[in-house]
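FYI, in my numbering the residues of the sequence shown are 413 to 1011. Glycine included, C-beta positions come from ideal geometry on N, C-alpha and C.
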Amino acid sequence: MTVKFPEVWDLEVLFPGGSNSKELRLHIEKTNSDLAELEQLAENFEVPASEKDEAAIVTMLETVKGIMQQLNQAGSFIGCLQAQNTEDKKAAILQSEDAVLNARFQTALQAIQQQLAKTEENVWKALLDSESLKEFSFVLNEWREEANMLLSEKEENIITSLSTDGYHGWSQLYDMLVGDIKIKMNIGGEEKILSVGQANNLSSDPDAAIRQQSYEKMEAAWTDKEEFFAKTLNSIGGFRLEVYKKRGWDRVLQEPLHMNRMKQETLDAMWGAISKNKQPFVDYLNKKGEMLGKDGLDWFDVDAPVTESTQQFAYQEGAEFILEHFGKFGPELQKFAVQAFEKGWIEAEDRPNKRPGGFCTSLPMTEESRIFMTYSGSMSNVATLAHELGHAFHSHAMQPVHPLNRSYAMNVAETASTFAEMIVADAAVKNAQSKEEKLALLEDKLQRSVAFFMNIHSRFLFETRFYEERKNGVVSAERLNELMEEAQQEGFAGGLKSTHPHFWASKLHFYITDVPFYNFPYTFGYLFSLSIYAKALEEGSQFEEKYMALLRDTAIMTAEDLALKHLGEDITQQAFWEKGIALCVKDAEDFNALVSSVG
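1. Let me know the secondary structure DSSP gives Leu775 once reduced to three states.
2. So, for Met896: in the same chain, excluding its five sequence neighbours on each side, which residues have a beta-carbon less than 6 Å away from its beta-carbon?
3. DSSP beta-bridge partners for Ile595?
4. What do you reckon, are the CB atoms on Trp555 and Gln525 nearer than 7 Å?
5. The alpha helix (DSSP H) spanning Ile570 covers which residue range?
6. Could you tell me the alpha carbon to alpha carbon distance between Glu424 and Gly430, rounded to whole angstroms?
7. Buried or exposed for Pro428, please, with buried defined as at least 16 other CB atoms from any protein chain shown within 10 angstroms of its CB.
8. Smallest Cα separation from Phe678: which of Phe936, Asn456, Phe548 and Cys996?
9. Residue ranges of each alpha helix (DSSP H) run of no fewer than 4 residues wholly in the region 663-700, ordered along the chain?
10. Nearest-angstrom Cα distance between Gly903 and Ile469?
11. How should Ser861 be labelled, buried or exposed, when 16 other C-beta atoms within 10 angstroms of its C-beta is the threshold for buried?
12. Give me the Cα-Cα distance between His439 and Leu483, rounded to the nearest whole angstrom.
13. Using CA atoms only, rank isn't needed, just tell me which of Asn612, Ala726, Tyr656 and Lys604 is closest to Lys416.
14. Which two residues bound the contiguous beta strand (DSSP E) that contains Ile783?
15. Can you grab the Cα-Cα spacing for the pair Lys699 / Lys477, in whole Å?
16. Please determine if the region 795-812 and the region 824-844 are in contact, where contact requires at least 3 C-beta pairs separated by less than 8 Å.
17. Quick one: grab the DSSP three-state call for Glu759.
18. How would you write the range of the alpha helix (DSSP H) that Trp661 sits in, first residue to last?
19. Under 7 Å between the Cβ atoms of Val535 and Ser462?
20. Nearest to Asp636 by alpha carbon, out of Arg652, Ala975, Gln610 and Val590?
21. Where in the region 896-920 do unbroken runs of the alpha helix (DSSP H), each at least 4 residues long, occur, reported from the N-terminal end onward?
22. Spatial neighbours of Thr414 within its chain, please: C-beta separation below 8 Å, excluding the five flanking residues on both sides.
23. Rounded to a whole number of angstroms, what is the C-alpha to C-alpha distance between Leu540 and Ser888?
24. Does DSSP put Asn765 in a helix, in a strand, or in coil?
25. Are there three or more Cβ pairs, one per stretch, closer than 8 Å when the region 706-726 is compared with the region 808-818?
26. Out of curiosity, what's the CA-to-CA distance linking Ala899 and Phe932?
27. Relative to the C-alpha of Phe877, which residue among Ala863, Phe922, Ala844 and Asp838 is closest?
28. Where does the unbroken alpha helix (DSSP H) through His439 begin, and where does it stop?
29. Would you say the region 747-761 touches the region 776-793, given that touching needs at least three Cβ pairs under 8 Å?
30. Quick check: what's the CA-CA separation for Lys629 versus Gln985?
31. Report yes if the C-beta distance between His737 and Val836 is below 7 Å; otherwise report no.
32. Leaving out five residues on either side along the sequence, give the residues of the same chain with a beta carbon under 6 Å from the beta carbon of Ala967.
33. Grab the span of the alpha helix (DSSP H) containing Phe738 for me, first residue to last.
34. Could you have a look at Pro933 and say whether DSSP puts it in helix, strand or coil?
35. Which residue comes first and which comes last in the alpha helix (DSSP H) that contains Arg882?
36. Report yes if the C-beta distance between His808 and Leu963 is below 7 Å; otherwise report no.
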């Protein structure tokens, strides 16, 4: 008998009682106490003078590891509470409390990093060559490099302290503003009140009138609050730019590139290869417009299904489909996914008051993950579920690695997720029972290519230009709309008849303060994982072990070194990126050929 998988996640096993949890309160109090010890350690931490200071560094690393895990455990849990119910006011208070603890941790860690940065080169080399510190050489060198990029300890402490309310607080305000929005929709003659997440899911509704109504109602909501969103975005951008200026960073991309452990040449090569190869995707968008009986494609039709036979999957069916095809790639991936489904690690139920979007979060102390999404039965939802399971599998693959060597960057973080998504998307196309179904599934793959090559490119262009203008002062809501439309026209290479001027207000990623430029790493991960996927197809199930070895290296190498070691590729060259793009172009060609044969 098949086990029925729960659609609501289990958070009680982590901290019983939700935002009223006594266990969570005790956990926070212990973290607070342990932080005081770390702060004392940081205050007394001296510049390493010889190899004899090895023991002091090992002690410091273990203390940092413990508190980092405690903070991540609590932060992930609180994030889950907020996502599952945007009206949980106590969770919002807990998040603010957690942000203060994180700020204290960062302040103490920065003080330690500043001392490490002063270590003489010969002493530093000898320390990293020692048996107990050798495995931490990458992260310790990175800490030292980051400390040299920053201001004095006192100045950085001030920035960190002020950022809690003056920076991260704006991001929290955005979440509250979006959570407060209710979209009134008339569906089948019945009035419904939807959250933004539920209304977003209607972008792929088969009924064109519902798609358009949903878009227009949401656009009206963003317009109504555009001044609030513009103020929020300008405040985040202004704070970020002022910090960069004080540190002497003259390039807006310096921080995101450093965080993603990649070179500007790599980013330029990726966007250059994409920009040269957009025409097949423009042709696809034009063809899709024709199929929908239009003389051009509107924004609200980009996710529209192209056939009436688009398959719907109940949650259980979607889960079983994923498990079947994960199993064909490798036993470890399938076994892990079974555990995630059976143990209630996934929040998928379609209900009001949930946050829009999807995510996967790691709980390091219990070595578990939690996945959040709103599942409505489309193949796109199944692919999203596989995507988030890929994130969770990445964390699972890292378990043998020391916790301080698990902090992989966002660009490679998208590798395992996109890889898992491809397994499911390709399987769906191959298993199609009719031409119409195959067409719908091919189109679903193409939608992802359009998202990564066009939509995300437009987000990158918008954000780059916004920051350049923000250097000269506040950017008005009207100007933000113009910048967004210009970026979408360029990003989609003129392939859209109408754009989404308030996309800047609707997209959470622009308001995330922990990660600047929350866009290009997605495209990096998509194309990077295509190369890995091609190798997996060549080698079959025996590739899984090599794949997990690559995942384990993601936090202790630059993106360029990782690709060279595991793929033998130079990713600063457009040729690498064009290989992955060619696979996506093939999808567009197959789609056009199938449309002709069906027609």
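By the coordinates alone:
1. By one-based count along the sequence shown, residue 775 stands at place 363. Three-state result, Leu775: strand.
2. Start at 1 with the first residue of the sequence shown, and residue 896 comes out as number 484. Contacts found: Phe874, Pro913, Phe915 and Trp916.
3. Taking the sequence shown and counting its residues from 1, the one referred to as residue 595 is at position 183. Partner(s): Leu606.
4. As a first step, residue 555 must be located in the sequence shown, where it is residue number 143. As a first step, residue 525 must be located in the sequence shown, where it is residue number 113. Their beta carbons are under 7 Å apart, which means Trp555 touches Gln525 by this criterion.
5. Translated into the one-based positions of the sequence shown, residue 570 becomes position 158. Its alpha helix (DSSP H) spans residues Glu565 to Gly578.
6. What you label residue 424 is simply residue 12 of the sequence shown in a count that begins at 1. What you label residue 430 is simply residue 18 of the sequence shown in a count that begins at 1. Rounded to whole angstroms, Glu424 to Gly430 spans 7 Å at the Cα level.
7. Within the sequence shown, the letter at position 16 stands for residue 428. So Pro428 counts as exposed.
8. Here residue 678 corresponds to residue number 266 of the sequence shown, with the count starting at 1. What sits at residue 678 in the sequence shown is Thr, not Phe. For the residues Phe936, Asn456, Phe548 and Cys996, the minimum Cα distance to Thr678 belongs to Phe936.
9. 666-671 and 676-688
10. Position 491 of the sequence shown holds residue 903. Position 57 of the sequence shown holds residue 469. Cα-Cα distance, rounded: 48 Å.
11. For the purposes of this step, residue 861 is identified with residue 449 of the sequence shown, where counting begins at 1. It is buried - the Cβ of Ser861 has at least 16 other Cβ atoms within 10 Å.
12. In the sequence shown, the residue the question calls residue 439 occupies position 27. In the sequence shown, the residue the question calls residue 483 occupies position 71. Each residue's alpha carbon lies about 9 Å from the other.
13. As a working mapping, residue 416 is identified with position 4 in the sequence shown. Nearest of Asn612, Ala726, Tyr656 and Lys604 to Lys416, Cα basis: Ala726.
14. Working through the sequence shown from its first residue, we reach residue 783 at position 371. Residues Glu780 to Phe784.
15. For the purposes of this step, residue 699 is taken as residue 287 along the sequence shown, with counting starting at 1. For the purposes of this step, residue 477 is taken as residue 65 along the sequence shown, with counting starting at 1. Spanning the two alpha carbons is a distance of roughly 53 Å.
16. yes
17. Position 347 of the sequence shown, counted from the first residue, corresponds to residue 759. DSSP, reduced to helix, strand and coil, places Glu759 within a strand of the structure shown.
18. Along the sequence shown, read from residue 1 onward, the residue named residue 661 stands at position 249. Careful: Trp661 lies outside any alpha helix (DSSP H) and carries neither H nor E.
19. Reading the sequence shown from its first residue, position 123 is the one you call residue 535. Reading the sequence shown from its first residue, position 50 is the one you call residue 462. Result yes, Cβ atoms of Val535 and Ser462 sit closer than 7 Å.
20. Taking the sequence shown and counting its residues from 1, one reaches residue 636 at position 224. With distances taken between Cα atoms, Asp636 lies closest to Val590.
21. 915-918
22. For this step, residue 414 is matched to residue 2 along the sequence shown. These residues qualify, in order along the chain: Gln728 and Glu732.
23. Taking the sequence shown and counting its residues from 1, the one referred to as residue 540 is at position 128. Taking the sequence shown and counting its residues from 1, the one referred to as residue 888 is at position 476. Distance between the alpha carbons of Leu540 and Ser888: 50 Å.
24. As a first step, residue 765 must be located in the sequence shown, where it is residue number 353. Asn765: coil per DSSP, three-state reduction.
25. no
26. On the sequence shown, residue 899 is found 487 positions in, with the first residue counted as 1. On the sequence shown, residue 932 is found 520 positions in, with the first residue counted as 1. When rounded, the distance between both Cα atoms is 14 Å.
27. Numbered from its first residue, the sequence shown carries residue 877 at position 465. Rather than Phe, the amino acid found at residue 877 in this sequence is Arg. Cα-wise, what sits closest to Arg877 is Phe922.
28. Taking the sequence shown and counting its residues from 1, the one referred to as residue 439 is at position 27. Note, His439: alpha helix (DSSP H), Lys434 to Asn456.
29. Enough Cβ pairs lie closer than 8 Å, so yes.
30. As a first step, residue 629 is located in the sequence shown; it is residue number 217 there, counting from the start. As a first step, residue 985 is located in the sequence shown; it is residue number 573 there, counting from the start. Each residue's alpha carbon lies about 44 Å from the other.
31. Against the sequence shown, residue 737 aligns to sequence position 325. Against the sequence shown, residue 836 aligns to sequence position 424. For the 7 Å CB-CB criterion, His737 and Val836 form a contact.
32. The residue given as residue 967 occupies position 555 in the sequence shown. Closer than 6 Å at the Cβ level, and outside the excluded window around Ala967, lie Asn817, Arg818, Ser819 and Tyr820.
33. Stepping through the sequence shown from its first residue, residue 738 is reached at position 326. Here the alpha helix (DSSP H) through Phe738 covers Tyr727 to Phe741.
34. Working through the sequence shown from its first residue, we reach residue 933 at position 521. DSSP places Pro933 in helix when its eight states are reduced to three.
35. Locating residue 882 in the sequence shown gives position 470, where the first residue counts as 1. Arg882 -> alpha helix (DSSP H) spans Ile868 to Arg882.
36. Translated into the one-based positions of the sequence shown, residue 808 becomes position 396. Translated into the one-based positions of the sequence shown, residue 963 becomes position 551. Inclusion of His808 and Leu963 in the CB contact set at 7 Å is not warranted, their separation being larger than that value.
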